[in-house]
Amino acid sequence: MISQNFDEFTLSKRLEKFFSEKIEGSCKKSIEMYGKLTVLNLNSAYLNKYSKDYDPLDLYIFNVQSEKSQDIKYISVWVYHDQNVISGIWISKEKPLGKSKPKDDDKKESAL
């Protein structure tokens, strides 16, 4: 069973730095764009394959409901495999699988 709580997790140093520098602006922008986000349930979970240049990551994708945008359907959380360290958070209208480069219409989506 996979817990939907990330209470015992820490942020990666890169994400921690981002939040310490841009948290206020990022949160305001997210609230303006999406309003309140409600996590509905776990959609899926994946293990990103390890390569010599990257650490393995677990990807958890949750279904969400946005107060202001009907297009937003997912919030994705990347976690370093077996380390309980959050590497990234992404709010989007599509699952982030297999996308190498965002399209112009994806610029509205938010990476936290």
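Be aware that the sequence shown starts at 197, since it is given in the numbering used here, and climbs by one per residue.
Yeah, the Cβ is synthetic: ideal placement off N, Cα and C, and Gly gets one too.
The model shown is predicted, which means the values in this text are computed figures rather than measured ones.
Query: Could you pull the DSSP bridge partners for Tyr270 from this structure?; Result: Asn259 and Ser288
Query: Does the segment 275-291 come close enough to the segment 206-224 that 3 or more CB-CB pairs lie under 8 Å?; Result: yes
Query: Looking only at C-alpha atoms, which of Asp267, Leu207, Ile257 and Lys224 sits nearest to Leu236?; Result: Ile257
Query: In the DSSP assignment, find the beta strand (DSSP E) that holds Ser240 and state where it starts and stops.; Result: Leu233 to Asn244
Query: Just list the residues that DSSP pairs Tyr276 with in beta bridges.; Result: Leu253 and Val281
Query: Below 8 Å on the Cβ atoms is my guess for Lys264 versus Met229; work out the distance and round it to an integer in Å.; Result: 7 Å
Query: When the distance is taken between beta carbons, is Gly231 closer than 8 Å to Ser262?; Result: yes
Query: Once DSSP output is grouped into helix, strand and coil, what is the label at Leu207?; Result: strand
Query: Under a three-way DSSP split, which group does Ser226 fall into?; Result: helix
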